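Student:
2 protein chains.
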Amino acid sequence: MRDVAVIGIGMTKWGELWEKSLRDIYVETALLAIDDAGVDHIDSMYVGSMSSGIFVGQEHIASLLADYLGCAPVPSTRVETACASGGLALRLGFMEVASGMSDIVLVSGVEKMTDVGGDKATYALGTAADQEYECYHGITFPGLYALMAVAHMNKYGTTREQLAEVAVKNHRNGSKNPLAQFPFEVTVEDVINSVKIADPLRILDCSPITDGAAAAIICPVEMAKKLNKPVVKVIGSGHATDAIAISQRKDMTWLEATYRAGKSAYEMAQKKPKDIDVFEVHDCFTIAELCVMEALGIVEKGKSGEAVEKGRTAIDGDMPVNPSGGLKSKGHPVRATGIAQAVEIVKQLSGESEERQVKGARIGLTQNMGGSGASTVVHIFEKE
Amino acid sequence: MRDVAVIGIGMTKWGELWEKSLRDIYVETALLAIDDAGVDHIDSMYVGSMSSGIFVGQEHIASLLADYLGCAPVPSTRVETACASGGLALRLGFMEVASGMSDIVLVSGVEKMTDVGGDKATYALGTAADQEYECYHGITFPGLYALMAVAHMNKYGTTREQLAEVAVKNHRNGSKNPLAQFPFEVTVEDVINSVKIADPLRILDCSPITDGAAAAIICPVEMAKKLNKPVVKVIGSGHATDAIAISQRKDMTWLEATYRAGKSAYEMAQKKPKDIDVFEVHDCFTIAELCVMEALGIVEKGKSGEAVEKGRTAIDGDMPVNPSGGLKSKGHPVRATGIAQAVEIVKQLSGESEERQVKGARIGLTQNMGGSGASTVVHIFEKE
Chain P
220 MRDVAVIGIG
230 MTKWGELWEK
240 SLRDIYVETA
250 LLAIDDAGVD
260 HIDSMYVGSM
270 SSGIFVGQEH
280 IASLLADYLG
290 CAPVPSTRVE
300 TACASGGLAL
310 RLGFMEVASG
320 MSDIVLVSGV
330 EKMTDVGGDK
340 ATYALGTAAD
350 QEYECYHGIT
360 FPGLYALMAV
370 AHMNKYGTTR
380 EQLAEVAVKN
390 HRNGSKNPLA
400 QFPFEVTVED
410 VINSVKIADP
420 LRILDCSPIT
430 DGAAAAIICP
440 VEMAKKLNKP
450 VVKVIGSGHA
460 TDAIAISQRK
470 DMTWLEATYR
480 AGKSAYEMAQ
490 KKPKDIDVFE
500 VHDCFTIAEL
510 CVMEALGIVE
520 KGKSGEAVEK
530 GRTAIDGDMP
540 VNPSGGLKSK
550 GHPVRATGIA
560 QAVEIVKQLS
570 GESEERQVKG
580 ARIGLTQNMG
590 GSGASTVVHI
600 FEKE
Chain X
220 MRDVAVIGIG
230 MTKWGELWEK
240 SLRDIYVETA
250 LLAIDDAGVD
260 HIDSMYVGSM
270 SSGIFVGQEH
280 IASLLADYLG
290 CAPVPSTRVE
300 TACASGGLAL
310 RLGFMEVASG
320 MSDIVLVSGV
330 EKMTDVGGDK
340 ATYALGTAAD
350 QEYECYHGIT
360 FPGLYALMAV
370 AHMNKYGTTR
380 EQLAEVAVKN
390 HRNGSKNPLA
400 QFPFEVTVED
410 VINSVKIADP
420 LRILDCSPIT
430 DGAAAAIICP
440 VEMAKKLNKP
450 VVKVIGSGHA
460 TDAIAISQRK
470 DMTWLEATYR
480 AGKSAYEMAQ
490 KKPKDIDVFE
500 VHDCFTIAEL
510 CVMEALGIVE
520 KGKSGEAVEK
530 GRTAIDGDMP
540 VNPSGGLKSK
550 GHPVRATGIA
560 QAVEIVKQLS
570 GESEERQVKG
580 ARIGLTQNMG
590 GSGASTVVHI
600 FEKE
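First to last, the protein sequences are chains P and X. Our numbering applies: residue 220 is where the first sequence begins, and numbers increase by one. Our numbering applies: residue 220 is where the second sequence begins, and numbers increase by one.
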């Protein structure tokens, strides 16, 4: 297998982009990545996508977007594993370059969520839960994560304030990210007093509905060096699955797929959690960030709430998590999220994150998960 | 890159399977392939899928099906490129094994189409056309292929009877396939006098709405030899895209993505069309089989109707096409089709196709396409 590098990244301002269609948002972002890489063609492309059939009535988007980007007839593949679709697109592109099948691959994700009303968006997102064992009984994602939050509070004594501290930190980071959907700060009181969604989760515990895209160009390391590009290598890739329905898991507070995907990525990269300088993880709800930290081995089981409260995961902490603002403040166009995490890590390792820069970051990790954690993709990056 | 072999196949009876759910159909079929391969585990799996969100309200099916198959936490990936999703699952599995990332990979497709009414099925299938430039104006797939048929008739003098001959041949072949949805023969008169769908296409020119699944296990050739399995190698893989909207193509009778994907596969396999002993191609409508034959270089442009009429594509012809019965008679559970084509070719090359066996077949080709041809995946197989 060949070594793989990221040589170009692209991301545009996220939010409620009512004046742009899915194809507009995609092309604008993909061209930024192509320009950044300075390549004159691509050999293949991957598009992470969750539920474009329900959101915009359009499947077959891999071919559609290849055509609109002016890249047809290149092979173009849509992959889906709920909200981890972006991370999965990166993993498959990595595999294609590593195998020698292709040299220059565009990996990307795009989502247009605001063309449908709130009810339909909730339904579309709900298709990532178990229709027969979960949705049929009326539960949706805020409810599933609320169950996980209650279980974590009961088992480990995690507090309502500690959950809020995740949102406070991520909004503080996001306020320094010009591309974030909600670039403003919030306080613990703001979070705790915001509208109740599913007890104990309030609206400021939840990531938003977002339109947006993100893209990256990857190629063999040898080629990156010839192009005189700064080399950020992809040194580890892991992907794992778990039961979709949380009732089928032994412990609702434990994300087995994140643990397994992390283990695969750490092994491939020959790194340990303590070797990682900066993390971008899937904080679709505040409780998610806590469970992920434990499953990735950043902190011991049950100690995540305390770590956040003490500021250890802040940009200047000893284990910075989500300097981009995370899904919470940056936004969460579901299938673009995994690629946007990689975009942030590449910026961090290249020293280009300006006000939210983690000093001296050389090794970074992304964790992108689907549903209530039934699929997870982890990547580890290193600056040469 | 490592050489790759198919060591196990699975397919169950296709049709209107109202008493089985998507997960039931899938698990039953995947277990057949695993049993056939005689392996005790899999390292990774791919599920081809078109629009499960609309058909059964369930996305995230890669994790769901891994769990129901008892294989979680293995990495499980859903890929989609409309009706070519099955072929694409095979291609990505091929890439994963060839790269050395994994050894034993399950590639599969499943579709449950009859849980929704005809209108919703037509809508779901329509999401593979261009929503903004085609569907918005009221056209659906029978109409798009009817336009291609009229163009072919006008340009090359292809006759209504020649189109019917495609259905007659495929139903004759399908009558010998116990797993086919419609295993009976039809006559040219039956086809021409059947209900009109979109002039000149009649209902017997169209593939049906089907529930069904298909699965295969692939591994490195060296491993297949150690397992004492008959070795059917995957020697070529091609994938290409084109404009989704047929109005954006230079020639409505020419399938550029099929031509390009075929070219890539022929080059990788170092074979020419005349080296192929048996073809399984995407006859979603009778006109499709004709256009595909021309784009794959089996016959010259405009000569496909004549070739079918003369019996050259029959099982005992000099270029047998769709001995399985094709999508027309065997059925077309959209995302399972590409894998079912591979299942048939493996059977043919292993001499296990009984009454529909192409004598002495050693090299076979599958062509699986999405929408009105905007994505195509081609594979070439060889018996050692």
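C-beta atoms are modelled at their ideal positions from N, C-alpha and C, and glycine is treated no differently. Note that the structure is predicted; figures quoted are calculated from it, not measured.
#1: Please report whether the beta-carbon of His458 of chain P lies at a distance below 7 Å from any beta-carbon of chain X.
#2: Relative to the alpha-carbon of Ala484 of chain X, which residue among X:Val511, X:Pro292, X:Gly516 and X:Val597 has its alpha-carbon at the smallest distance?
#3: I want to verify the contact list: residues of chain P whose CB lies under 8 Å from the CB of Met442 of chain X, in sequence order.
#4: Nearest to Ser543 of chain P by alpha carbon, out of P:Lys444, P:Gln560, P:Gly328 and P:Lys520?
#5: Check for me: the beta strand (DSSP E) holding Pro439 of chain X runs from which residue to which?
#6: Restricting to Cα atoms, I'd like to know which of X:Val369, X:Val324, X:Asp424 and X:Glu238 is closest to His260 of chain X.
#7: Could you check the C-alpha separation between Gln586 of chain P and Thr595 of chain P for me, to the nearest Å?
#8: Just the C-alpha distance for Asp222 of chain X and Ile253 of chain X, rounded to the nearest angstrom, thanks.
#9: Using 7 Å as the limit for Cβ to Cβ distance, is Arg554 of chain X near chain P?
#10: When you compare only the Cα positions, how much space is there between Asn541 of chain X and Phe498 of chain X?
#11: Any C-beta of chain P sitting closer than 7 Å to the C-beta of His279 of chain X?
#12: List the residues of chain X whose Cβ lies closer than 8 Å to the Cβ of Asp461 of chain P, in chain order.
#13: Is there at least one Cβ from chain X nearer than 7 Å to Gln350 of chain P's Cβ?
#14: Please report how far the alpha carbon of Glu299 of chain P lies from the alpha carbon of Asn373 of chain P, in whole angstroms.
#15: Assuming Thr604 of chain X and Gly328 of chain X are in contact, meaning their beta carbons sit under 8 Å apart, how far apart are those beta carbons, in whole angstroms?
#16: Listing by chain order, which chain X residues have their CB less than 9 Å from the CB of Met314 of chain P?
#17: Listed in chain order, which residues of the segment 466 to 477 of chain P have Cβ atoms closer than 7 Å to some Cβ of chain X?
#18: Using a Cβ-Cβ cut-off of less than 7 Å, list which residues of the segment 410 to 444 of chain X approach chain P; keep chain order.
#19: So, is His279 of chain X buried or exposed, given that buried needs 16 or more other C-beta atoms within 10 angstroms?
#20: Keeping to the same chain, check which residues put their C-beta closer than 6 Å to that of Gly312 of chain P; ignore five residues upstream and five downstream.
#21: Please report the residue range of the alpha helix (DSSP H) in which Met512 of chain X lies.
#22: Is Glu489 of chain X buried or exposed, if buried means 16 or more other CB atoms sit within 10 Å of its CB?
#23: List the residues of chain X whose Cβ lies closer than 7 Å to the Cβ of Glu299 of chain P, in chain order.
#24: Could one say the Cβ of Ser327 of chain P lies closer than 7 Å to chain X's Cβ atoms, at least one of them?
#25: With distances taken Cα to Cα, identify the nearest neighbour of Asn185 of chain P among P:Val451, P:Gln277, P:Asp494 and P:Thr532.
#26: Between Leu423 of chain X and Val450 of chain X, which are expected to be in contact by the criterion C-beta below 8 Å, what is the C-beta distance as a whole number of angstroms?
#27: What is the residue span of the alpha helix (DSSP H) that Gly557 of chain X lies within?
#28: Look up Ile495 of chain X in the DSSP assignment and say whether it is helix, strand or coil.
#29: Can you pull out the residues from the segment 220 to 252 of chain X whose beta carbon lies closer than 7 Å to at least one beta carbon of chain P?
#30: Kindly indicate which three-state DSSP category Asn396 of chain X falls into: helix, strand or coil?
#31: With C-beta atoms as the reference, is Ala340 of chain P less than 7 Å away from Ile428 of chain P?
#32: How would you label Lys469 of chain X, buried or exposed, when you count the other beta carbons within 10 angstroms and need 16 or more for buried?
#33: What span of residues does the alpha helix (DSSP H) with Asn587 of chain P cover, start to end?
#34: Please state the DSSP three-state secondary structure of Val543 of chain P.
#35: Note down, in chain order, all residues in the segment 519 to 531 of chain P with a beta-carbon under 9 Å from any beta-carbon belonging to chain X.
#36: Considering only the beta carbon of each residue, do Val385 of chain X and Val500 of chain X sit closer than 7 Å?
Tutor: In this structure, then:
#1: Judged by the 7 Å Cβ criterion, His458 of chain P is in contact with chain X.
#2: Taking only the C-alpha atoms, the option nearest Ala484 of chain X is X:Val597.
#3: Residues of chain P passing the Cβ test: none, with the nearest at roughly 17 Å.
#4: Comparing Cα-Cα distances from Ser543 of chain P to each of P:Lys444, P:Gln560, P:Gly328 and P:Lys520, the minimum goes to P:Gln560.
#5: For Pro439 of chain X, the uninterrupted beta strand (DSSP E) run begins and ends at Gly431 to Pro439, by DSSP.
#6: The candidate whose alpha carbon is nearest that of His260 of chain X is X:Val324.
#7: Each residue's Cα considered, the two are about 7 Å apart.
#8: The alpha-carbon atoms of Asp222 of chain X and Ile253 of chain X are separated by roughly 20 Å.
#9: It does not: the Cβ of Arg554 of chain X has no partner Cβ on chain P nearer than 7 Å.
#10: Near 6 Å, if we compare the C-alpha coordinates of Phe498 of chain X and Asn541 of chain X.
#11: It does; some Cβ of chain P falls within 7 Å.
#12: Here the neighbours are Ser282, Asp286, Ala291 and Pro292.
#13: Put simply, the CB of Gln350 of chain P is near chain X, with a gap under 7 Å to one of its CB atoms.
#14: When rounded, the distance between both Cα atoms is 34 Å.
#15: The first residue shown for chain X is 220 and the last is 603, placing residue 604 of chain X beyond what the model contains.
#16: By Cβ distance, chain X contributes Leu311, Met314, Glu315, Ser318 and Met320.
#17: Against chain X - using a Cβ distance shorter than 7 Å - the residues of the segment 466 to 477 of chain P are Glu475 and Ala476.
#18: Considering only beta carbons, no part of the segment 410 to 444 of chain X lies closer than 7 Å to chain P.
#19: Buried, since its Cβ has 16 or more Cβ neighbours within 10 Å.
#20: Cβ within range, chain order: Tyr265, Val324, Val326 and Ile437.
#21: The continuous alpha helix (DSSP H) containing Met512 of chain X extends over residues Thr505 to Ala514.
#22: First, the amino acid is wrong: residue 489 of chain X is Gln here, not Glu. By the neighbour-count rule (16 or more Cβ atoms within 10 Å), Gln489 of chain X is not buried but exposed.
#23: Against chain X, a Cβ distance below 7 Å from Glu299 of chain P picks out Glu278, Arg297 and Glu299.
#24: So no, Ser327 of chain P is outside the interface.
#25: This structure does not reach residue 185 of chain P, given that chain P is present from 220 up to 603, and the question cannot be answered.
#26: Leu423 of chain X to Val450 of chain X, Cβ: 39 Å. No contact.
#27: Counting along the chain, Gly557 of chain X sits inside the alpha helix (DSSP H) bounded by residues Thr556 to Leu568.
#28: Here Ile495 of chain X carries a coil assignment [DSSP, helix/strand/coil].
#29: For the segment 220 to 252 of chain X, the residues whose beta carbon sits under 7 Å from a beta carbon of chain P are, in order, Met220.
#30: If DSSP states are grouped into helix, strand and coil, Asn396 of chain X belongs with coil.
#31: When the beta-carbon positions are compared, Ala340 of chain P and Ile428 of chain P come within less than 7 Å of each other.
#32: That one is exposed.
#33: Taken as a continuous stretch (DSSP letters only), Asn587 of chain P belongs to no alpha helix (DSSP H), being part of the beta strand (DSSP E) at Ile582 to Gly589.
#34: Looking at the sequence provided, one finds Ser at residue 543 of chain P rather than Val. In the three-state DSSP reduction, Ser543 of chain P falls in the coil class, being neither helix nor strand.
#35: Answer set for the segment 519 to 531 of chain P: empty.
#36: Contact: no.
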